[in-house]
Structures are given as structure tokens and as C-alpha cells.
Amino acid sequence: MSPRQLRSSRLISSTPNAVSSSDQTFGSKQPAGKSQGLIEEERWLKHLCEKGNPGVGDPLRPVSEETFQSDWAKMRGEPEPQTPCSDSNTNDKDSDDTPPRSVPPKRKARATPQQATRASKRLRNRAAVTPSDSASSASPPTITITDDDEDDDEKDSNSDSDDSHTSDDSDDQSPVVSTPTAPDLRLKTDPVIGRNGFRLLHPQHHFILGPDQSRHLTMTYTDNKHAGPQTYVYGPRGANAAAPIDWSSKAHVARLNRWFNQVLKRHGARALRQDVVWFTAEERAWLRALGARMERDGRVLPKRRQAELFNARWAGSVIAAGRHAGTTRPVRSVDSLQSEVFRNKLYPESLKRRKARSAA
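Our numbering puts the first residue of the sequence shown at 7, with every later residue one more than the last.
Structural data, given as C-alpha cells:
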């Protein structure tokens with residue numbers, strides 16, 4: 007208790023008629039009047055300075071600096087300060103009390119079993135086709151290779167090296183699995199089905215120039231909304247409503263095919279895959295002869311030059327027999343020609359090894 011607090015308590019408790027026992031030790035007679043308080047104060051202060059206040063601080067114990075800071079922070083409503091500790095003590099404590107942590111095993115991805123990709127029906131039938139005896143017995147085509155056609159690695163594109171590596175990889179992987187048909191397309195032989203049980207009851211007709219095809223302007227189908235077969239008849243609208251169909255007009259025929267496809271698409275049917283003109287047996291025989299000629303001459307033509315020679319011989323001609331009989335042969339690109347060569351192994355193996363060495 008501070009001297010000021012002791013003085014105030016002393017003044018409040020002291021009265022002229024009541025004198026404490028401690029004050030009686032200093033004298034039997036007490037002065038009266040207003041000066042009594044001042045005299046008592048001086049006596050008490052002198053007694054406190056001489057003898058002190060023994061026994062008052064006995065219950066008190068000294069505290070550490072960390073405890074003081076923690077209590078002070080709690081009084082002010084602040085977070086408690088972190089107690090600094092040495093690294094050696096921390097390591098010793100962890101090593102003594104904390105058990106060693108077990109490292110969890112790493113998760114390994116499960117290998118998905120590889121399954122052979124199912125080739126489409128059209129590609130399976132194509133692989134079964136072999137060159138006919140007439141094509142093999144025919145005289146080999148005449149191919150002229152000049153000095154300008156010699157393979158020049160500096161002038162050729164970088165795609166030659168890519169194709170050479172691709173061909174080597176394809177040789178290691180046997181047999182070659184054909185690419186399946188895209189799931190969002192359908193072939194002509196596939197049924198035409200869509201949403202809500204839609205099913206076309208006849209094959210999709212492709213309108214062509216020339217003959218009258220009015221009987222194909224009516225579509226017959228079934229669905230889950232109506233009982234029994236339903237019909238959908240073509241009816242021109244807008245500016246073409248009054249004009250009759252001109253079967254010799256490309257615009258009219260294209261409009262009919264577009265109408266048919268729109269109706270099928272509206273019912274959720276898949277789009278029809280465009281028919282690809284395959285390489286014929288005669289074209290493959292010509293490519294085999296070209297590969298044999300390059301092997302004899304010891305010179306490999308650039309891929310662009312090979313495509314130019316092939317299109318000069320076959321592009322624009324009409325296929326005489328087979329599935330695409332009467333179809334005009336298209337202009338083959340460099341990539342399509344190389345794919346056909348490597349897929350059916352039309353060139354000798356020595357040409358592939360020579361291309362691989364030149365690329366390296």
C-alpha cells in the first residue's frame with residue numbers, strides 16, 4: 007500500500023474520541039483541533055520510514071518477464087506474445103517426446119489394360135481387297151526419273167524426317183490397327199435413328215442431277231410420340247414455292263439434300279459420313295512399281311514429286327469397276343498418298359531405311 011493510500015485511510019479512520027493502539031505507543035496525550043491529522047500523518051510517516059511495514063510483501067513472489075508480458079497482454083486484450091525458444095531445445099524436445107513420423111506410401115496410377123481398337127466395317131472390307139491377277143499381270147507402268155527428281159535433303163521440307171520416323175514406328179507395331187469411325191458420324195449402311203425413338207424406315211436418299219426422283223420427296227419414319235408410321239413430305243417455301251423442281255439444276259438438287267439432312271438433324275440423327283474414294287488395285291500396282299524403280303536407281307523422290315507424278319497419271323480418270331465404279335478419281339494429297347504407301351507397305355524396306363539414315 008502506498009504512503010498516500012495509508013494517509014487517506016488514516017485520516018478517515020481517526021477521530022478525536024477514538025485513537026488506535028498503535029498511536030498510543032507514541033504518547034498518551036493526543037492534540038485536539040485541526041492540526042491533529044497533520045501530526046498523526048507525520049508520526050505515521052516517520053514510523054514507516056524507520057521500521058517499514060514488515061510482513062506485507064510475504065505472500066508476493068517474483069514473476070518472470072514472459073509471465074509479466076503475458077498478463078499485460080491479457081489485460082489489454084491483445085494476443086499473447088510467442089515465447090522464443092532455441093533450436094537446440096526444440097530439437098531435443100521433439101526427439102525425446104515426439105515419435106518419428108511415418109512417411110505415407112506414394113500412390114501409383116493403375117495401368118489401364120490396352121485393348122485392340124475395333125476397325126470399322128468399311129476398313130475391314132478394304133483390307134481384304136487384294137490386287138487382281140489382271141492388274142499384276144499387266145505390264146508395269148513406265149516411270150521416268152530425271153536428275154531433277156533426286157531427293158535433296160536441303161530443299162525438302164522437315165516433314166520428310168517426321169514421316170521417316172513415323173514409318174519406322176509403324177513397322178515395329180504389328181499389326182497396324184485402323185482408325186475407327188468417328189462416333190458422331192454414320193455410314194450409309196447404318197440405320198438412321200434419333201431422339202424419342204425416331205427411326206427412318208428406308209435408307210437415306212441422296213439426290214443427284216438428271217433423273218426425276220420425286221418419289222423420294224416423302225420420308226417415312228416412326229417415333230414414340232405417334233402410333234404407327236408417319237410421313238413427311240417436302241414442300242418448297244418462300245420464293246421457291248411456285249417454281250417446279252428442276253432436276254438438272256445443281257441449286258435445286260443441293261436444296262433437296264439440304265432439306266433431307268435438316269429433317270434428320272432436327273430429330274437427333276447422326277450426320278452421314280462422306281464417302282471416301284479408295285485407292286484401286288491399279289493405283290497400288292503403280293505405286294509398287296514406283297518404289298521398285300526408286301530402289302533400282304538408288305534415289306528417293308521427294309514426297310511432293312511423288313504426288314505430282316501420281317496425280318498426273320490417275321487424277322481425273324474414271325474408275326471402271328468396283329464399289330466406286332463410274333466415280334472420277336480425285337486429286338490425292340501428299341499426306342494421303344504417303345498414308346496409303348505405309349499402310350499397305352507398297353515401297354521396299356530399303357527405301358525406308360535410306361530415308362531414316364538421310365533424316366539422321
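We put the beta carbon where it would ideally sit given N, CA and C, even for glycine. Quick caveat, the model's predicted, so the values are computed rather than measured.
Check: What residue range is occupied by the uninterrupted alpha helix (DSSP H) comprising Q75?
Finding: As a first step, residue 75 must be located in the sequence shown, where it is residue number 69. Segment 71-82, the alpha helix (DSSP H) holding Q75.
Margin query: Give me the DSSP bridge partner(s) of L409.
Written below: Because the chain spans 7 through 366 in this model, residue 409 falls outside it and cannot be assessed.
Notebook entry, point to check: Under three-state DSSP, which class holds I45?
Noted result: Within the sequence shown, residue 45 is the residue found at index 39, counting from 1. Correct three-state label for I45: helix.
Margin query: Classify W78: buried if its beta carbon has 16 or more other beta carbons within 10 angstroms, exposed otherwise.
Written below: One-based indexing of the sequence shown puts residue 78 at position 72. W78 comes out exposed.
Checklist line | Cα-Cα separation, L352 to Q312 | finding: Within the sequence shown, numbered from 1, the residue matching residue 352 stands at position 346. Within the sequence shown, numbered from 1, the residue matching residue 312 stands at position 306. Each residue's alpha carbon lies about 13 Å from the other.
Note to self: Distance check for L357 and S170, CA to CA, integer angstroms please.
What the structure shows: For the purposes of this step, residue 170 is taken as the residue at position 164 of the sequence shown. For the purposes of this step, residue 357 is taken as the residue at position 351 of the sequence shown. Confidence at S170 is low in this model, with a pLDDT of 38, below 50, so its placement is unreliable and the value that follows should be read with caution. So the two alpha carbons sit approximately 10 Å from each other.
Checklist line | For T334: DSSP bridge partner residues | finding: The count along the sequence shown starts at 1 and reaches residue 334 at position 328. Bridge partners of T334: V324.
Notebook entry, point to check: With L207 and T228 assumed to form a contact (beta carbons below 8 Å), what rounded beta-carbon distance in angstroms separates them?
Noted result: The count along the sequence shown starts at 1 and reaches residue 207 at position 201. The count along the sequence shown starts at 1 and reaches residue 228 at position 222. The Cβ separation is near 7 Å, so the contact holds.
Next item on the list: Return the residue from the list P85, E71, E84, H212 that minimises the CA-CA distance to N267.
Entry: Taking the sequence shown and counting its residues from 1, one reaches residue 267 at position 261. When only C-alpha atoms are compared, the closest one is H212.
Note to self: Using the Cβ count rule (16 or more neighbours within 10 Å means buried), how would you classify T73?
What the structure shows: Locating residue 73 in the sequence shown gives position 67, where the first residue counts as 1. Exposed: under 16 other Cβ atoms inside 10 Å.
Next item on the list: Please specify which runs of the beta strand (DSSP E), each continuous and at least 3 residues long, are wholly inside the stretch 206-292, giving them in chain order.
Entry: 224-228, 236-239
Notebook entry, point to check: Skipping 5 residues on each side, what residues in its chain have a beta carbon closer than 6 Å to that of L262?
Noted result: What you label residue 262 is simply residue 256 of the sequence shown in a count that begins at 1. Excluding sequence neighbours, L262 sits near F213.
Notebook entry, point to check: Tell me which same chain residues have a C-beta within less than 6 Å of the C-beta of L367, skipping the five on either side of it?
Noted result: With the chain running from 7 to 366 in the structure shown, residue 367 is simply not present.
Notebook entry, point to check: From R335 to G241, what does the alpha carbon distance come to, in whole angstroms?
Noted result: For the purposes of this step, residue 335 is taken as residue 329 along the sequence shown, with counting starting at 1. For the purposes of this step, residue 241 is taken as residue 235 along the sequence shown, with counting starting at 1. Going by the C-alpha atoms only, they are around 36 Å apart.
Check: What separation, rounded to the nearest whole angstrom, lies between the Cα atoms of H222 and P308?
Finding: The residue given as residue 222 occupies position 216 in the sequence shown. The residue given as residue 308 occupies position 302 in the sequence shown. Rounded to the nearest angstrom, the two C-alpha atoms are 49 Å apart.
Checklist line | Cut-off 7 Å between Cβ atoms - residues of its own chain near V340, not counting five sequence neighbours on either side | finding: Translated into the one-based positions of the sequence shown, residue 340 becomes position 334. Within the same chain, V340 has close Cβ partners K309, R310, A313.
Note to self: Please classify E46 as buried or exposed, where buried requires at least 16 neighbouring CB atoms within 10 angstroms.
What the structure shows: Indexing the sequence shown from 1 puts residue 46 at position 40. Buried is the call here.
Checklist line | Residue burial classification, E355 (beta-carbon count within 10 angstroms, cutoff 16) | finding: Mapped onto the sequence shown, residue 355 falls at position 349. Exposed.
Check: Going by C-alpha distance, which of A277, L296, P68 is nearest R192?
Finding: Residue 192 sits at position 186 when you count from the first residue of the sequence shown. Nearest option by C-alpha distance: A277.
Notebook entry, point to check: What residues in its chain sit with their C-beta under 8 Å from that of K271, if we drop five residues either side in the sequence?
Noted result: Locating residue 271 in the sequence shown gives position 265, counting from the first residue. A277.
Next item on the list: Buried or exposed for H273, please, with buried defined as at least 16 other CB atoms from any protein chain shown within 10 angstroms of its CB.
Entry: Indexing the sequence shown from 1 puts residue 273 at position 267. When all chains shown are included, H273 counts as buried.
Check: Excluding five sequence neighbours on each side, which residues of the same chain lie with their C-beta closer than 7 Å to the C-beta of V239?
Finding: Position 233 of the sequence shown holds residue 239. The residues are L223, T224.
Notebook entry, point to check: Should N317 be flagged as near chain D, meaning a C-beta pair shorter than 9 Å?
Noted result: Checking the listed chains, one finds no chain D in this structure; it contains a single protein chain.
Note to self: Could you check whether F316 and E289 sit closer than 9 Å to each other, using their CB atoms as the reference points?
What the structure shows: Here residue 289 is taken as the residue at index 283 of the sequence shown, counted from 1. Here residue 316 is taken as the residue at index 310 of the sequence shown, counted from 1. Their beta carbons are under 9 Å apart, which means E289 touches F316 by this criterion.
Notebook entry, point to check: If you compare alpha carbons, which of E346, T286, P250, A295 is closest to S323?
Noted result: For the purposes of this step, residue 323 is taken as the residue at position 317 of the sequence shown. Among E346, T286, P250, A295, the Cα nearest to that of S323 belongs to T286.
Note to self: Looking only at its chain, what residues have a beta carbon closer than 7 Å to the beta carbon of Q75, apart from the 5 residues adjacent to it on each side?
What the structure shows: In the sequence shown, counting from the first residue as 1, residue 75 sits at position 69. Once the five neighbours on either side are set aside, the close Cβ partners of Q75 are P87.
Margin query: Applying the 10 Å Cβ sphere with the 16-neighbour rule, what's the burial state of R294?
Written below: Numbered from its first residue, the sequence shown carries residue 294 at position 288. With 16 or more Cβ atoms within 10 Å of its Cβ, R294 is classed as buried.
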